[in-house]
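Trainee: Can you keep this structure in mind? I'll have questions shortly.
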Amino acid sequence: MENPSGSRPTSKLEQTQQQVNEVVGIMRVNVEKVLERDQKLSELDSRADALQEGGKRFEQQAQKLKRKYWWKNIKMMIIIGIIGVILLIIIICKY
Numbered sequence: 001m002e003n004p005s006g007s008r009p010t011s012k013l014e015q016t017q018q019q020v021n022e023v024v025g026i027m028r029v030n031v032e033k034v035l036e037r038d039q040k041l042s043e044l045d046s047r048a049d050a051l052q053e054g055g056k057r058f059e060q061q062a063q064k065l066k067r068k069y070w071w072k073n074i075k076m077m078i079i080i081g082i083i084g085v086i087l088l089i090i091i092i093c094k095y
């Protein structure tokens, strides 16, 4: 039996199979997109971890540098204090 357009009538089974094939195709595309998204998220997570590690190292180095200059400042204050005391002793001993 042919329909008026001259083509063979499509059975319900063929229509259903065609719909299933379309859905399978769409699902494959969706799975590919999910896998790509997962890969991008993994890369982003790796970069975030690297940034966090870099931030920790920066903070540690900044803390060391702060301590170093604090000690330098204390040493300078002690030296200035000693020089001041020596000058005071010299001035007092002269008069």
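With full-length UniProt numbering, letter number 14 in the sequence shown gets 14, and the count goes up by one each step, no holes.
All residues carry an ideal CB built from backbone N, CA and C; glycine is no exception.
Because the structure is a prediction, the values reported are computed rather than measured.
Please go through the same chain and pick out, in chain order, the residues whose beta-carbon is closer than 8 Å to the beta-carbon of Gly25, but skip the five residues on each side of it.
Mentor: Hits under 8 Å: none found.
Trainee: Expressed to the nearest angstrom, what Euclidean distance is found between the alpha-carbon atoms of Gln39 and Val31?
Mentor: Gln39 and Val31: Cα-Cα distance of roughly 12 Å.
Trainee: Name the two residues that bound the continuous alpha helix (DSSP H) containing Ser42.
Mentor: Lys12 to Lys94 is the span of the alpha helix (DSSP H), which, as asked, contains Ser42.
Trainee: Look at the alpha carbon of Lys68 and the alpha carbon of Ile89, and state the distance between them as a whole number of angstroms.
Mentor: Distance between the alpha carbons of Lys68 and Ile89: 32 Å.
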